[in-house]
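Residue numbers (our numbering), protein chains in the order written: chain V, -3 to 104; chain U, 3 to 115.
Here it is, written out as structure tokens:
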């Protein structure tokens, strides 16, 4: 599976968009980009995934660059409840491997 | 749906005792996963099942750990004998069809004294 690189931490003001980057320069053609988050003391939560097209759901948007070497998870209007560790995972048919993720702090 | 249900939420036991963690997946889901999370090692996959059959148990740390899925609505993770280094939060997750869209339970926090 392709390795991912995420910043260890980020801050975001409440009500603003949170843009979380992920680099995956070794991604192969059949690998998807998955995003999960883990709020303190809870189990991880699936957010969104994509292959090459941009995706949007009720939680977030996923923007994947044309060369697929990086992606950005966008939370359009961050709230305090979005404070969590966000994991970017690239995989094909093998199970998820969680790295260290990005700790997002949403500040009032 | 109530989501993935794990029990107990907290377990404190003494070294050498047997520990059994339980998981009820979301109804209709055909994948079930067991993970362990520690500060040092992060979130690690221990084993996963598809249609009640173990598919990959390469993450199970040693023979002291065993997992079963006797039917589609129940799974157990057993540690016998338990050791202090087994202290962690254990998560169960389930998924339907697409293996990597998983829904996690609230976890069981295990402390082995």
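No residue lacks a Cβ here, since even glycine has one placed at the ideal position from N, Cα and C.
Taking the CA atoms as reference points, residue 103 of chain U sits about 6 Å from residue 97 of chain U. Inclusion of residue 113 of chain U and residue 14 of chain U in the CB contact set at 8 Å is warranted, their separation being smaller than that value.
Boundaries of the beta strand (DSSP E) around residue 13 of chain U: 12 to 15. Between residue 80 of chain U and residue 21 of chain U, the beta carbon gap of about 7 Å places them in contact (Cβ cut-off 8 Å).
In the three-state reduction of the DSSP assignment, residue 17 of chain V falls in the strand class, which pools E and B. Per DSSP, the beta bridge partners of residue 95 of chain U are U:35 and U:106.
For the stretch 18 to 50 of chain V, the beta-carbon criterion of a distance under 9 Å to any beta-carbon of chain U is satisfied by 28, 30, 32, 34, 37, 38, 39, 40, 41, 42 and 45.
Measuring C-alpha to C-alpha distances from residue 4 of chain U to each of U:30, U:61 and U:19 identifies U:30 as the nearest. When only Cα atoms are considered, residue 39 of chain V and residue 109 of chain U end up about 6 Å apart. Under the Cβ criterion of 8 Å, residue 58 of chain U is counted among the residues facing chain V. The stretch 83 to 102 of chain V makes no contact with the stretch 56 to 63 of chain V; the number of CB pairs closer than 8 Å stays below 3. Each of U:89, U:9 and U:19 was checked against the Cα of residue 42 of chain U, and the nearest Cα belongs to U:89. Interface criterion not met: the Cβ of residue 100 of chain V is under 8 Å from no Cβ in chain U.
Residues of the stretch 77 to 102 of chain U with a C-beta atom less than 8 Å from some C-beta of chain V are 93, 95, 101 and 102, listed in chain order. Taking residue 86 of chain U as reference, the option from U:8, U:28, U:16 and U:10 with the minimal CA-CA separation is U:16.
Nearest in C-alpha terms to residue 115 of chain U, of all of U:6, U:19 and U:25, is U:19. The CB of residue 96 of chain V comes closer than 7 Å to the CB of 44 in chain U, given here in chain order. Pairing residue 106 of chain U with residue 41 of chain V gives a Cβ-Cβ distance under 8 Å. When DSSP states are grouped into helix, strand and coil, residue 72 of chain V belongs to the coil group.
Annotated three-state conformation of residue 59 of chain U is coil, per DSSP.
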